[in-house]
Amino acid sequence: RDGAAAAGRWDLEYAAGIRGNKRQATQDVAMYGSIFEPLVEALVQELGIQGGRDVFMDVGSGLGQAVAQVAATTGCLSVGIEIDESRAELADAFFKEYLEQVKKLVSKVASERLERLIILELGDFCNFRRKIKNSTAFFINNYGGWWRGDKSHPERHGGGGTPETKFLDICVDMCALGTRVATLERLVVLDAKPGVFRHRSFLAPEGSYSWTDTRTPVHVYTLVSRCWECERPACRSPNAFGAAECYRCRARPHTGHRRARAAHSAAAA
Numbered sequence: 212r213d214g215a216a217a218a219g220r221w222d223l224e225y226a227a228g229i230r231g232n233k234r235q236a237t238q239d240v241a242m243y244g245s246i247f248e249p250l251v252e253a254l255v256q257e258l259g260i261q262g263g264r265d266v267f268m269d270v271g272s273g274l275g276q277a278v279a280q281v282a283a284t285t286g287c288l289s290v291g292i293e294i295d296e297s298r299a300e301l302a303d304a305f306f307k308e309y310l311e312q313v314k315k316l317v318s319k320v321a322s323e324r325l326e327r328l329i330i331l332e333l334g335d336f337c338n339f340r341r342k343i344k345n346s347t348a349f350f351i352n353n354y355g356g357w358w359r360g361d362k363s364h365p366e367r368h369g370g371g372g373t374p375e376t377k378f379l380d381i382c383v384d385m386c387a388l389g390t391r392v393a394t395l396e397r398l399v400v401l402d403a404k405p406g407v408f409r410h411r412s413f414l415a416p417e418g419s420y421s422w423t424d425t426r427t428p429v430h431v432y433t434l435v436s437r438c439w440e441c442e443r444p445a446c447r448s449p450n451a452f453g454a455a456e457c458y459r460c461r462a463r464p465h466t467g468h469r470r471a472r473a474a475h476s477a478a479a480a
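Quick note: the sequence shown uses the working numbering, first residue 212, plus one each step.
Next comes the structure, spelled out in structure tokens:
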């Protein structure tokens with residue numbers, strides 16, 4: 212383990228019942244890592260999460276730290292979805308202990324309020340479309356590229372695309388315009404369909420991750436349209452997000468694919 216652990220932070224993902232990295236049926240590589248308080252605080256600020264207005268969702272919530280912190284600091288409903296049963300069970304145990312501590316150190320009223328604000332679910336995010344629809348701010352730890360998956364093994368993704376494309380299809384179709392999605396790696400598939408999301412990035416604070424001390428860019432995507440625009444100057448027709456080609460001129464968004472590869476190469480350099 213690197214300097215993050217040497218600095219005294221305990222990597223919970225290596226504890227009994229967690230067993231370090233795992234590969235789920237929907238993933239092509241083993242993946243797990245915790246984000247820490249500085250990054251969650253930055254996400255709240257950068258996404259502008261506000262209690263009474265937003266619903267926060269952590270897709271792949273692990274032990275639920277981000278979900279609990281967002282609920283406690285903003286007062287907004289916070290949802291965690293975790294596909295791994297052992298991590299979800301431990302998250303539930305931590306949550307119960309957390310509520311007991313709040314009850315003891317703060318008040319019973321505060322504990323009951325937090326209990327209403329935090330929802331932890333076990334399963335594939337595709338099974339929670341209604342909760343996704345009702346959410347307005349998302350965090351997805353797609354570090355390491357597992358989110359994009361391997362299209363040569365469609366059975367690993369239920370035969371219907373990668374986790375990245377599945378989530379984006381649901382988000383664009385069901386979520387309100389203005390919804391924000393924060394990720395640790397670029398959603399390069401969006402570069403081929405400009406105009407659907409507005410992209411910006413910020414630098415993660417020090418001490419953000421369990422797996423590295425390096426400060427990396429965090430990407431924020433804001434849903435601004437449900438259609439992508441054909442890039443051919445003579446066309447510029449709007450197209451449904453799921454369309455693979457322009458309905459009018461039949462052009463595929465090749466320039467976007469080139470731009471996506473260039474952006475990905477630049478980020479890796």
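C-beta atoms are modelled at their ideal positions from N, C-alpha and C, and glycine is treated no differently.
Quantities reported herein were computed from a predicted structural model and do not represent experimental measurements.
For this session: Tell me, please, which residues DSSP counts as bridged to residue 291.
Result: Paired residue(s): 269, 331.
For this session: Identify, in the order they occur along the chain, each residue of the same chain with its Cβ nearer than 6 Å to the Cβ of residue 346, setting aside the five sequence neighbours on each side.
Result: Cβ contact annotation for residue 346 (same chain, cutoff 6 Å, sequence separation greater than five): 266, 268, in chain order.
Exercise. Given that a residue counts as buried once 16 or more other Cβ atoms are within 10 Å of its Cβ, and exposed if not, what is residue 334?
Worked result: Counting Cβ neighbours within 10 Å, residue 334 comes out exposed, since fewer than 16 surround it.
For this session: Determine the closest residue to residue 431 out of 254, 249, 448, 276, with distance taken between C-alpha atoms.
Result: With distances taken between Cα atoms, residue 431 lies closest to 254.
Problem set entry | Opposing strand residues paired with residue 394 [DSSP bridges] | DSSP, once it has assigned bridges, lists 351, 430 as partnering residue 394.
For this session: Would you tell me roughly how many angstroms separate the C-alpha atoms of residue 400 and residue 373, rounded to the nearest one?
Result: For the pair residue 400 and residue 373, the Cα-to-Cα distance works out to about 11 Å.
Exercise. Residue 355 to residue 379, Cα distance in whole Å?
Worked result: Looking at the backbone, the Cα of residue 355 and that of residue 379 are separated by about 18 Å.
Problem set entry | Outcome for residue 353 when other beta-carbon atoms lying within 10 angstroms are tallied against a minimum of 16 | So residue 353 counts as buried.
Exercise. Smallest Cα separation from residue 273: which of 259, 349, 246?
Worked result: Among 259, 349, 246, the Cα nearest to that of residue 273 belongs to 246.
For this session: Determine which residues share a DSSP beta bridge with residue 420 and list them.
Result: Bridge partners of residue 420: 246.
Problem set entry | DSSP-derived helix/strand/coil call for residue 388 | Three-state result, residue 388: coil.
Exercise. Buried or exposed: residue 299, going by 16 or more other Cβ atoms within 10 Å of its Cβ?
Worked result: Flag for residue 299 reads buried.
For this session: Let me know the secondary structure DSSP gives residue 449 once reduced to three states.
Result: If DSSP states are grouped into helix, strand and coil, residue 449 belongs with the strands.
Exercise. Can you tell me whether DSSP reads residue 409 as helix, strand or coil?
Worked result: The DSSP-derived three-state label of residue 409 is strand.
Exercise. Which first and last residues belong to the beta strand (DSSP E) in which residue 440 is found?
Worked result: In the DSSP annotation of this structure, the continuous segment of the beta strand (DSSP E) that includes residue 440 starts and ends at 438-440.
Exercise. Counting along the chain, where does the alpha helix (DSSP H) carrying residue 303 start and finish?
Worked result: That run of the alpha helix (DSSP H) goes 296-316.
For this session: Between the Cα of residue 285 and those of 329, 319, 413, spot the shortest distance and give me the residue it belongs to.
Result: Cα-wise, what sits closest to residue 285 is 329.
For this session: Would you identify the three-state DSSP class for residue 274, choosing helix, strand or coil?
Result: Three-state DSSP puts residue 274 in coil, outside helix and strand.
Exercise. Which residues bound the alpha helix (DSSP H) around residue 340?
Worked result: For residue 340, the uninterrupted alpha helix (DSSP H) run begins and ends at 340-344, by DSSP.
Exercise. Three or more beta-carbon pairs under 8 Å between the stretch 396-410 and the stretch 433-444, yes or no?
Worked result: Yes, they touch.
For this session: Tell me, please, which residues DSSP counts as bridged to residue 414.
Result: According to DSSP, residue 414 bridges with 428.
Exercise. With burial defined as no fewer than 16 other Cβ atoms inside 10 Å of the residue's Cβ, what is the status of residue 404: buried or exposed?
Worked result: Per the 10 Å Cβ criterion, buried.
For this session: Return the CA-CA distance between residue 261 and residue 445, expressed in angstroms with no decimal places.
Result: The straight-line gap from Cα to Cα measures roughly 43 Å.
Problem set entry | residue 456 in three-state terms, based on DSSP | Residue 456: coil per DSSP, three-state reduction.
Problem set entry | From 420, 342, 336, residue whose alpha carbon lies closest to that of residue 252 | Restricting attention to 420, 342, 336, the CA atom closest to the CA of residue 252 is found in 420.
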